[in-house]
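Protein sequence lines, in the order shown, are assigned to chains A and B. Numbering of the first sequence is given in my numbering, commencing with residue 879 and proceeding in unit increments. Numbering of the second sequence is given in my numbering, commencing with residue 879 and proceeding in unit increments. Written out below as structure tokens is the structure these notes cover.
2 protein chains.
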Amino acid sequence: MSLIPKIYGSISSTCTQRVLIVLEELGIDYELISINMRAGVQKSPAYLSEHNPFGVIPAYQDTDTKIFESRAICQYLTVKHGGHLTPPSDPVQVAGFYQAASVEYSYFDPPFKQLAYESLFKSMMGHGEPDASLVSIYQDQIRKCLDYYESILDKQDYLGGTTFSLVDSYHMPWIAFMAVLGLSTELESRKHLRAWWERVEARRSWRSVSGKS
Amino acid sequence: MSLIPKIYGSISSTCTQRVLIVLEELGIDYELISINMRAGVQKSPAYLSEHNPFGVIPAYQDTDTKIFESRAICQYLTVKHGGHLTPPSDPVQVAGFYQAASVEYSYFDPPFKQLAYESLFKSMMGHGEPDASLVSIYQDQIRKCLDYYESILDKQDYLGGTTFSLVDSYHMPWIAFMAVLGLSTELESRKHLRAWWERVEARRSWRSVSGKS
């Protein structure tokens, strides 16, 4: 009997949302198994041995396999199920796609993750007040990356090429979170980035995921 | 006329080495154009506009395309040239491959990069002396990741699956650099990891790249 894919994660986690967008894009039914992060379930011996030895979310399980790391799960899903998110095979398009995926991993995600911790989660977790100099550094890194995206989106409709791809889905959770981080004007002031966001947030996949969070 | 691929980088840079290993594996001739990082050439307006807007090395150029980000260049090369480094197409193998690639990016590379800066390059660059507490944190993160690899390599010969792949090549430059970081015993004390290293460092590609550095 085939197992409905299980996602161990949290609807409020950007990494979990990344996977859910791709499942929704591919029209795959799934079960989201909520991990209580405040209670530290992701660090429990059972979770570490069964799902992810590094103690973070999300983790994925279906009939054939278990896998962790959100972007890896997304790539696995596109290879397993095919469809419109399959990465390009033309070498020039491949270059643009993988370069964009790597820029997300190197220059987009890290300052967002660090800024969210420093300006929000640090005090929520009782680790002290935000360090204003670090907040400023991360904000500058985000601005620089968004400036680059603005130049890319002047030439093409999507971050990884001419069509919606995994690369767009990787970015969407943090872009949606910019309002919470006080960065709304950084989106509004970049017309190509803003137009891209309007295109991608209108997708059924995102409306479904954001409607649950 | 076809252009011999040009790599803008430095033979002593781990990110540049990552690309050179893949070029050597694929038997592709290339020209390494040395970027003087101490003189800040990678931050010059010409380099930023022509090769990499984020001001780091390496960058790649051939007849068809320009691309930056070392792992993206490696993926591009395997799609363009095919051969034994082509990622798997079977979904279960794909899961292992992409999970391993993402673990490298998330848990292996960052503490190595941070440790190298903190314990070596910081004082070389006149930014002050190493912070012992940070050094200890990064060393612990590296140990945890190597423990995970030891468990993986107990079950399979290579980090991304049953055969040598891009994932192995991504790791090799930092593993070779462990001696400089005073971490040799971390390699010697893990028998499966050490056996993996002996397998991969014997490859002609690595002998060629390490012979130049």
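Positions of the beta carbon are idealized from the N, C-alpha and C atoms, including for glycine. It should be emphasised that the depicted structure is a prediction, and the values quoted were computed from it without experimental measurement.
| Asked | Found |
| --- | --- |
| Range covered by the beta strand (DSSP E) that runs through serine 912 of chain B | 909-912 |
| 9 Å Cβ cut-off: residues of chain A touching glutamine 895 of chain B | The contacting residues do not exist; glutamine 895 of chain B stays about 17 Å from chain A at best. |
| Residue closest to serine 912 of chain B, alpha-carbon to alpha-carbon, out of B:Ala937, B:Leu926, B:Pro931 | B:Ala937 |
| Between the CA atoms of serine 1088 of chain B and serine 1062 of chain A - distance to the nearest angstrom | 47 Å |
| Short-range partners of chain B found in the region 939-952 of chain A, where Cβ spacing is below 9 Å | Asp942, Thr943, Lys944, Ile945, Phe946, Glu947, Ser948, Arg949, Ala950, Ile951, Cys952 |
| Cβ contact check for the region 969-989 of chain A and the region 1001-1019 of chain B: 3 or more pairs under 8 Å | no |
| Counted within 10 angstroms of its Cβ, other Cβ atoms place glycine 960 of chain A as buried (16 or more) or exposed | exposed |
| Collapsed DSSP secondary structure at phenylalanine 946 of chain A in the structure displayed | strand |
| Cβ neighbours of threonine 956 of chain A in the same chain (closer than 8 Å, five flanking residues each side left out) | Val900, Leu904, Leu963, Thr964, Pro965, Leu1044 |
| Residue-chain proximity (phenylalanine 986 of chain A, chain B), Cβ-Cβ < 7 Å | no |
| Whole-angstrom distance between phenylalanine 946 of chain A and glutamine 895 of chain A, CA atom to CA atom | 14 Å |
| Extent of the continuous alpha helix (DSSP H) run through glutamine 1034 of chain A | Element bounds for glutamine 1034 of chain A: n/a, residue is neither H nor E. |
| Buried or exposed (CB count within 10 angstroms, at least 16 for buried), glycine 887 of chain B | buried |
| Cβ separation of leucine 1024 of chain B and arginine 1068 of chain B, assumed to be a contact under 8 Å, to the nearest whole Å | 6 Å |
| Nonlocal neighbours in the same chain, by C-beta distance under 6 Å from serine 1014 of chain A, ignoring five residues either side | none |
| Residues from the region 966-980 of chain A in contact with chain B, defined by Cβ distance under 9 Å | Pro966, Ser967, Asp968, Pro969, Val970, Val972, Ala973, Gly974, Phe975, Tyr976, Gln977, Ala978, Ala979, Ser980 |
| Cβ-Cβ distance between phenylalanine 975 of chain B and glycine 1038 of chain B below 7 Å | yes |
| Member of B:Arg916, B:Ser927, B:Ile885, B:Lys991 whose CA lies at the smallest distance from the CA of threonine 941 of chain B | B:Ile885 |
| Element boundaries [alpha helix (DSSP H), containing alanine 978 of chain A] | 969-981 |
| Valine 897 of chain B beta carbon less than 7 Å from that of isoleucine 951 of chain B | yes |
| The alpha helix (DSSP H) enclosing lysine 991 of chain A, as first and last residue numbers | 987-994 |
| Residues of the region 921-934 of chain B whose Cβ lies closer than 7 Å to any Cβ of chain A, in chain order | Pro931, Phe932 |
| Inter-residue Cα distance where the pair is alanine 1005 of chain B and alanine 994 of chain B | In the sequence on display, residue 1005 of chain B carries histidine and not alanine. Approximately 13 Å, taken between the alpha carbons. |
| Distance between lysine 991 of chain A and cysteine 893 of chain B (C-alpha atoms, nearest Å) | 23 Å |
| Nearest neighbour of arginine 1085 of chain A, chosen from A:Tyr1027, A:Leu881, A:Glu902, A:Thr943 [CA to CA] | A:Glu902 |
| Closer than 8 Å at the beta carbon, the chain A residues around valine 957 of chain B | Ser967, Pro969, Val972 |
| Contact set for proline 883 of chain A: own chain, Cβ-Cβ below 6 Å, skip 5 residues either direction | Tyr908, Asp940 |
| CB contact check: tyrosine 1048 of chain A to chain B, cutoff 7 Å | no |
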